[in-house]
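**Q** Below you will find the structure I want to go over with you.
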Amino acid sequence: MSRQRIMAGLAVTAAASALTVAVQASPAAAADCAAAWSSAKVYTGGISASHKGRNWTAKWWTQNETPGSSDVWADKGACGGATAPSPAPTSCDHPNWVAGKSYAAGAVVRYTNGKYYRAEHANPGYDPTISTWYWKPYACGSATPAPTPTPTSNPTTPAPGGFVVSEAQFNQMFPNRNSFYTYKGLTAALSAYPAFAKTGTDTTRRQEAAAFLANVNHETGGLVHIVEQNTANYPHYCDTSQSYGCPAGQAAYYGRGPIQLSWNFNYKAAGDALGIDLLRNPNLVQNDAAVAWKTALWYWNTQRGPGTMTPHDAIVNGRGFGETIRSINGSLECGGRNPAQVQSRVNSYQKFTQILGTTPGSNLTC
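Each residue of the sequence shown is one higher than the one before, starting from 1 at the first, in UniProt numbering.
Spelled out as structure tokens, the structure:
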């Protein structure tokens with residue numbers, strides 16, 4: 001980087017003289033541009049690309065998500081010789097926040113409480129007081145955002161020792177959920193498996209909650225469906241080779257609840273573990289929210305399905321979100337069998353970790 005030195009001398013007396021040197025730096029040039037972004041190329045975490053005169057770095061796996069329009073890309077500044085302009089001071093003349101409206105990163109809004117918030121990441125109109133990963137308080141009249149409040153001042157932070165997902169965050173994750181799937185029902189079920197989302201570091205606990213809810217989201221269409229939608233399958237879930245048979249009827253053991261508990265042997269095993277006679281009363285899973293959530297937690301914490309470990313162990317042992325998919329539906333989705341379904345789960349997981357203010361980690365797919 002070149003510097004220009006300007007020297008000026010001042011003569012005063014024969015006995016003394018002074019020399020001052022002023023240094024003036026030229027504006028810093030922008031970085032070189034990375035290879036141009038391509039919609040067809042797959043980018044993984046840490047890979048850079050340039051788009052519209054700016055460099056971007058992928059935070060995680062992405063394809064066909066335009067830099068600047070998706071949270072997967074981190075803005076690394078102007079490139080190609082242009083110097084990024086300094087942000088100009090702003091006034092308080094910002095629009096009112098509108099729920100459901102799409103906001104780009106950098107947008108400033110006036111919330112209903114009269115305070116201002118700046119979008120740290122693009123989002124579809126999430127509530128600024130709930131989505132603290134997407135929005136930060138903004139000092140109106142200044143180009144500098146206000147300091148981020150400490151966790152103790154965040155109204156969505158759960159009480160110490162409580163569930164890492166607040167009710168407001170739960171509602172944000174499932175805006176169209178069936179009223180059957182209550183937050184109260186979920187928290188009432190947590191006592192059945194106290195290690196769930198309470199094992200390891202704060203990051204691990206939040207990742208486990210996000211992973212569980214992301215898989216639940218996929219299984220139920222966003223907590224919309226309580227029971228399996230294909231009624232033609234209902235009679236197929238009675239394994240007559242079991243000594244206890246199907247006392248509630250051959251077609252009584254269809255998928256129910258957040259992870260769609262099915263088959264007579266699973267109803268019996270879950271009921272035995274929870275102290276509830278689900279073999280004879282399978283409808284409890286679709287009529288009692290706490291029971292429904294408990295069956296999902298039973299599977300998550302104790303069953304490995306087609307995988308090699310339980311979903312709970314997959315997260316707390318650092319095996320990643322992809323291993324939870326393998327434990328739930330790996331025989332149908334993993335190993336390239338259904339990449340679109342896998343990506344759907346991953347997308348939900350990434351969104352939920354953002355809402356919970358943590359990172360998704362590695363090994364997202366199976």
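Even for Gly, the Cβ is constructed at its ideal location relative to N, Cα and C.
Values in this document were obtained by computation on a predicted structure and should not be read as measured data.
Cα-Cα, which of Asp93, Gly185, Ala211 is closest to Ala314?
**A** Ranking Asp93, Gly185, Ala211 by Cα distance to Ala314 puts Ala211 first.
**Q** Let me check understanding here. Comparing Cα to Cα, which of Thr44, Ser38, Gln350, Gly45 lies closest to Lys52?
**A** Answer by Cα proximity: Ser38.
**Q** Trp293 to Gly80, Cα distance in whole Å?
**A** The straight-line gap from Cα to Cα measures roughly 53 Å.
**Q** Are Val307 and Gly330 close, meaning C-beta to C-beta below 7 Å?
**A** Just to set this straight, residue 307 is Gly in the shown sequence, not Val. Closer than 7 Å, so yes.
**Q** Looking at the secondary structure, which residues open and close the alpha helix (DSSP H) in which Pro311 lies?
**A** Element bounds for Pro311: 311–316.
**Q** Among residues of its own chain, excluding the 5 on either side of Asp277, which ones have a beta-carbon nearer than 6 Å to its beta-carbon?
**A** Once the five neighbours on either side are set aside, the close Cβ partners of Asp277 are Gly271.
**Q** Classify Gly245 as helix, strand or coil using the three-state DSSP reduction.
**A** Gly245: coil per DSSP, three-state reduction.
**Q** Trp263 and Tyr244 look like a contact to me (Cβ under 8 Å); what is the Cβ gap, rounded to whole Å?
**A** With a Cβ gap of about 12 Å, Trp263 and Tyr244 do not count as contacting.
**Q** Counting only runs of 4+ residues fully inside the stretch 264–338, write out the alpha helix (DSSP H) ranges in chain order.
**A** Correct list: 264–274, 284–287, 289–302, 311–316, 321–333.
**Q** Please report the distance separating the alpha-carbon of Gln341 from that of Tyr349.
**A** Gln341 and Tyr349: Cα-Cα distance of roughly 13 Å.
**Q** Starting from the C-beta of Ala252, find all residues in its chain whose C-beta is less than 6 Å away, skip the five residues before and the five after it, and write them out in chain order.
**A** If we look at Ala252 and ignore the five residues flanking it on each side, its Cβ neighbours are Pro282.
**Q** Could you pull the start and end residues of the beta strand (DSSP E) that Asn55 belongs to?
**A** Segment 54–58, the beta strand (DSSP E) holding Asn55.
**Q** Measuring only the C-alpha atoms, how far is Trp298 from Ala273?
**A** Roughly 8 Å separates the two Cα atoms.
**Q** Could you tell me how far apart the beta carbons of Gly320 and Asn363 are, in whole angstroms, since I believe they sit closer than 8 Å?
**A** That belief holds up - the Cβ atoms of Gly320 and Asn363 are roughly 3 Å apart, short of 8 Å.
**Q** Check for me: the alpha helix (DSSP H) holding His218 runs from which residue to which?
**A** That run of the alpha helix (DSSP H) goes 202–220.
**Q** With a threshold of 7 Å on Cβ separation, who are the neighbours of Lys351 within its own chain once the five nearest residues in sequence on each side are excluded?
**A** Contacts found: none.
**Q** Measuring only the C-alpha atoms, how far is Arg337 from Leu261?
**A** In a straight line, the C-alpha of Arg337 is about 22 Å away from that of Leu261.
**Q** So, with DSSP's three-state summary, where would you put Ser153?
**A** Any reading at Ser153 is ruled out, since the residue's pLDDT is 30, under 50, leaving its predicted position unreliable.
**Q** Would you tell me roughly how many angstroms separate the C-alpha atoms of Asn347 and Asn217, rounded to the nearest one?
**A** Rounded to whole angstroms, Asn347 to Asn217 spans 11 Å at the Cα level.
**Q** State the CB to CB distance for the pair Gly77 and Lys101, rounded to an integer number of angstroms; the pair is presumed to be in contact (CB under 8 Å).
**A** Gly77 to Lys101, Cβ: 27 Å. No contact.
**Q** Skipping 5 residues on each side, what residues in its chain have a beta carbon closer than 8 Å to that of Pro158?
**A** Low local confidence applies: a pLDDT of 43 at Pro158 is under 50, so the model's placement there is unreliable, with the coordinate-based value given in what follows. Answer for Pro158: Val164, Val165, Ser166, listed in chain order.
**Q** Which residues share a DSSP beta bridge with Cys140?
**A** Its beta-bridge partners do not exist; DSSP assigns none.
**Q** Mind checking Thr358: buried by the 16 CB within 10 Å criterion, or exposed?
**A** Looking at its Cβ environment, which holds 16 or more other Cβ atoms inside 10 Å, Thr358 is buried.
**Q** Here's a check: name, in chain order, each residue in its chain whose Cβ is nearer than 7 Å to the Cβ of Leu332, leaving out the five neighbours to either side.
**A** Contacts found: Asn338.
**Q** How many angstroms separate the CA atom of Ala34 from the CA atom of Ser344?
**A** In a straight line, the C-alpha of Ala34 is about 29 Å away from that of Ser344.
**Q** Look at the alpha carbon of Thr148 and the alpha carbon of Asn287, and state the distance between them as a whole number of angstroms.
**A** Low confidence applies to Thr148: its pLDDT is 39, below 50, so where it sits in the model is not reliable, and the reading given next is rough at best. Taking the straight line joining both Cα atoms gives about 42 Å.
**Q** Since Ala74 is in the beta strand (DSSP E), which residue starts that stretch and which ends it?
**A** Counting along the chain, the beta strand (DSSP E) containing Ala74 begins and ends at 73–78.
**Q** In or out: Gly221 buried (at least 16 other Cβ within 10 Å) or exposed?
**A** Looking at its Cβ environment, which holds fewer than 16 other Cβ atoms inside 10 Å, Gly221 is exposed.
**Q** Could you please give the first and the last residue of the uninterrupted beta strand (DSSP E) stretch that includes Ala49?
**A** 48–51 is the extent of the beta strand (DSSP E) around Ala49.
**Q** Please list the terminal residues of the continuous beta strand (DSSP E) segment that includes Tyr116.
**A** Where Tyr116 is concerned, the enclosing beta strand (DSSP E) stretches over 116–119.
**Q** To which residues of the same chain is Val227 closer than 6 Å at the C-beta, ignoring the five residues directly before and after it?
**A** Hits under 6 Å: Arg256, Gln286.
**Q** Measuring straight from C-alpha to C-alpha, what distance separates Leu223 and Gly322?
**A** Those two C-alpha atoms are separated by around 21 Å.
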